[in-house]
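Peer 1:
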Amino acid sequence: MGRPRKIRPEQDLTDIKRDPIQTLSGMKDVLPEDQKYWDFVVRKIHNLCQCYGFKRIDTPILEESSLFERGTGKYTDIVEKEMYILKDKSGQTIALRPEATPGIARAYIEHGMKNRSQPVKLYWIGPMFRHSRPQKGRLREFHQFNFEAIGSKSPGQDAEIILLSWNIYKGLGIKNLSIQINSIGCLDCRAKYIATLKDYYKGNKTKLCSDCKRRLEKNPLRLLDCKEEKCARLANKAPQIIDTLCENCHDHFKSVLEFLDELNLPYILNPRLVRGLDYYTRTVFEIWPEEEKAQASLGGGGRYDRLVEELGGDPTPAVGFAGGIERIISKIKEQKITVPEKEKPHIFLAQLGELAKKKAMKLFEELLKGGIPIGASFGKDSMKSQLKLADRMGISYTLIIGQKEALEETVIIRDMETGNQEIVSGDKIIQEIQKRLKSFK
Ligand code: HAM
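All the letters of the sequence shown, read from the start, carry residue numbers 679 to 1119 under this note's numbering.
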């Protein structure tokens, strides 16, 4: 992982100039050889979201930091420890978005989407920023896809979100996954549960890690999903929220599970699943790889019936999900899932000499305009290196324009497999190529 360079006071400026600059810690380049994975995943997300009637939305990377303090929650790890915050030139405190849901809820309010047919179903793909300690599967810049259904309180809507999430992973061919699910109730029943939980931990405070000691006051539910072994041992024996749910929350959860049963979705009831964001109410769920634990969750979501109101809108029930794209791509590689190669051009255009290069560039434009995928390397001058490149690209036919062809307005078509060459008049070249491309369809 790249580290930012440190400049020592005694260091000569010329040394500094020569030091290579690397990516910031926790941030990654996506190299050309990895693009096919991104295309594969992103295409699946677009296709499925649109099939389920979600419409795409994009929101800015920068938002007022108070959006996340009010939305995600002041005492969550994301806001307390991980947010990239800066002051802009006007003195306003702004944040690089650590998650998408508050921004989407803000957009729902700001654009009067309550006047559209409800629920408003939106999906979104983009980069996120969290300044946590980089480790396997945990980046500081990472990418998420989100889908949110705002304006429905129906348990069927929770089920649809869970189904869509599941189908994205399944559609990509990822195996050995489970749906972890729980209900954390509404404000009323949760208050009762938190009192019971605090009671349980009262005599055990000294056995908790320092983070959990703090959480006991500010965010006691998070005690349940602490990864420290000693805290996990206590959490396993803690009273379960499911036993404290009010009648409405209980019925809602029961109904969500009935949908999942009907859909044959393999869920696991997990009483310790609470999610680390403050806005959740009732259903919470995550998608886990079976062999790993929550640290590596491929995605998570739940119902958030109070967020729109917290951000200044009308009371509006909502439910949504977000998945991490880098974690999905790691799984795809780990499980050796075959990913389609990007469509490769079958034709390459090579040139030799100044006049030929000009003619070739013009022909290249014409072919692209005609919808013919074609490769070329106008930065290379030697014919040998251009043919070598065409060979490496697995090209079937190379069009060659040298000095003679440029003057005579002809093009040589070289069959890369047999080495046979044919001279074709410049005005017939498109026709000739189309004839040959037919065999690839
Ligand atoms: P989240 O659980 O914070 O939920 O993130 C969702 C997913 O993003 C995680 O399961 C993981 O795959 C990925 N992810 C999170 N942090 C990182 C990281 N540092 N590096 C790599 N991947 C990461 C949310 O963000 C909620 N907004 C989900 C939601 C949408 N709830 C309702 N609607």
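Think of the CB as a built atom: it goes at the ideal place given N, C-alpha and C, for glycine as much as any other residue.
Distance check for A827 and R816, CA to CA, integer angstroms please.
Peer 2: 27 Å
Peer 1: Excluding five sequence neighbours on each side, which residues of the same chain lie with their C-beta closer than 8 Å to the C-beta of D707?
Peer 2: Annotation for D707: T701 place their beta carbon closer than 8 Å to its own, counting only its chain and skipping 5 residues before and after.
Peer 1: Checking 8 Å against the spacing of the C-beta atoms, do P944 and N854 come in under that value?
Peer 2: no
Peer 1: Assuming A778 and A1000 form a contact by the criterion Cβ under 8 Å, report the distance between their Cβ atoms to the nearest whole angstrom.
Peer 2: Right, their Cβ atoms sit about 6 Å apart.
Peer 1: What distance in whole Å lies between the Cβ atoms of F963 and I1073, which are believed to be in contact at a cut-off of 8 Å?
Peer 2: No, I1073 and F963 are not in contact; Cβ-Cβ is about 48 Å, not under 8 Å.
Peer 1: Looking at A1038 and A1170, is the spacing between their C-beta atoms short of 8 Å?
Peer 2: Residue coverage of the chain in this structure runs from 679 to 1119, which leaves residue 1170 outside it and unanswerable.
Peer 1: I'd like the ranges of any beta strand (DSSP E) spanning at least 3 consecutive residues and lying wholly in the segment 920 to 953.
Peer 2: 945 to 947
Peer 1: For a test of your reading of the model: does the CB of E1004 fall under 7 Å from any non-hydrogen atom of ligand 3? Yes or no.
Peer 2: This structure lacks ligand 3; its bound ligands are ligand 1.
Peer 1: Check this for me: beta carbons of A1068 and F1042, under 8 Å apart or not?
Peer 2: no
Peer 1: Along the chain, where does the alpha helix (DSSP H) containing G781 start, and where does it finish?
Peer 2: T779 to E788
Peer 1: Quick one: grab the DSSP three-state call for Y858.
Peer 2: The sequence shown places Gln at residue 858, rather than the Tyr named in the question. Strand, per DSSP.
Peer 1: State the CB to CB distance for the pair I723 and F823, rounded to an integer number of angstroms; the pair is presumed to be in contact (CB under 8 Å).
Peer 2: 5 Å
Peer 1: By how many angstroms is the C-alpha of V720 removed from the C-alpha of W802?
Peer 2: Looking at the two C-alpha atoms, the distance is approximately 11 Å.
Peer 1: Going by other Cβ atoms of all chains shown within 10 Å of its Cβ, with 16 needed for buried, is K799 buried or exposed?
Peer 2: K799 comes out buried.
Peer 1: Would you kindly work out how many angstroms separate the C-alpha atoms of G1057 and L902, rounded to a whole number?
Peer 2: 60 Å
Peer 1: Using the three-state DSSP reduction, which class does Q1013 fall into: helix, strand or coil?
Peer 2: Q1013 carries a coil assignment under DSSP once its states are collapsed to helix, strand and coil.
Peer 1: Could you spell out the range, first to last residue, of the beta strand (DSSP E) harbouring F823?
Peer 2: E819 to I828
Peer 1: Is any non-hydrogen atom of ligand 1 found closer than 7 Å to the C-beta of N824, if you look at the structure I gave you?
Peer 2: yes
Peer 1: Quick one: what does DSSP say D836 is sitting in, helix, strand or coil?
Peer 2: For D836, the secondary structure class from DSSP, reduced to helix, strand or coil, is helix.
Peer 1: Tell me where the alpha helix (DSSP H) around R721 begins and ends.
Peer 2: Q713 to C729
Peer 1: Please classify L923 as buried or exposed, where buried requires at least 16 other C-beta atoms within 10 Å of its C-beta.
Peer 2: Around the beta carbon of L923, a 10 Å sphere encloses 16 or more other beta carbons of the protein chains shown; the residue is thus reported as buried.
Peer 1: For F746, does the three-state DSSP call read helix, strand or coil?
Peer 2: helix
Peer 1: Tell me, please, whether the segment 882 to 893 touches the segment 862 to 874 by the rule of three or more beta-carbon pairs shorter than 8 Å.
Peer 2: no
Peer 1: Cβ of S830 versus every heavy atom of ligand 1: is any distance shorter than 7 Å?
Peer 2: no
Peer 1: Compare the Cα-Cα distances from I840 to each of K765, W716, G781 and R981 and report the closest residue.
Peer 2: R981
Peer 1: List in chain order: all unbroken beta strand (DSSP E) runs of 3+ residues lying wholly within the segment 968 to 1002.
Peer 2: 977 to 981 and 996 to 1002
Peer 1: Taking the alpha carbon of T1076 as the reference point, which residue from R734, N1098, F732 and L941 has its own alpha carbon closest?
Peer 2: N1098
Peer 1: What separation, rounded to the nearest whole angstrom, lies between the Cα atoms of A972 and Q1013?
Peer 2: With a pLDDT of 48 at A972, under the threshold of 50, the predicted position of this residue should be treated as unreliable, though the coordinate-derived value follows. Going from the Cα of A972 to the Cα of Q1013 covers about 19 Å.
Peer 1: What residues are listed by DSSP as bridge partners for R734?
Peer 2: Answer by DSSP bridge pairing, in chain order: Y801.
Peer 1: Since I believe V986 is in contact with I772 (beta carbons under 8 Å), could you give me their beta-carbon distance rounded to a whole number of angstroms?
Peer 2: Contact flag wrong, Cβ pair sits at about 22 Å.
Peer 1: Kindly indicate which three-state DSSP category F1042 falls into: helix, strand or coil?
Peer 2: helix
Peer 1: May I ask which residues mark the beginning and end of the beta strand (DSSP E) holding D889?
Peer 2: From DSSP, D889 is part of no beta strand (DSSP E) but of the alpha helix (DSSP H) over S888 to K896.
Peer 1: Please classify M679 as buried or exposed, where buried requires at least 16 other C-beta atoms within 10 Å of its C-beta.
Peer 2: Low local confidence applies: a pLDDT of 43 at M679 is under 50, so the model's placement there is unreliable, and no value is given.
Peer 1: Return the first residue and the last residue of the beta strand (DSSP E) that D1093 is part of.
Peer 2: For D1093, the enclosing beta strand (DSSP E) has its first and last residue at T1088 to D1093.
Peer 1: If distances are taken between C-alpha atoms only, which option among V952, C727, R811 and N897 comes closest to M761?
Peer 2: R811
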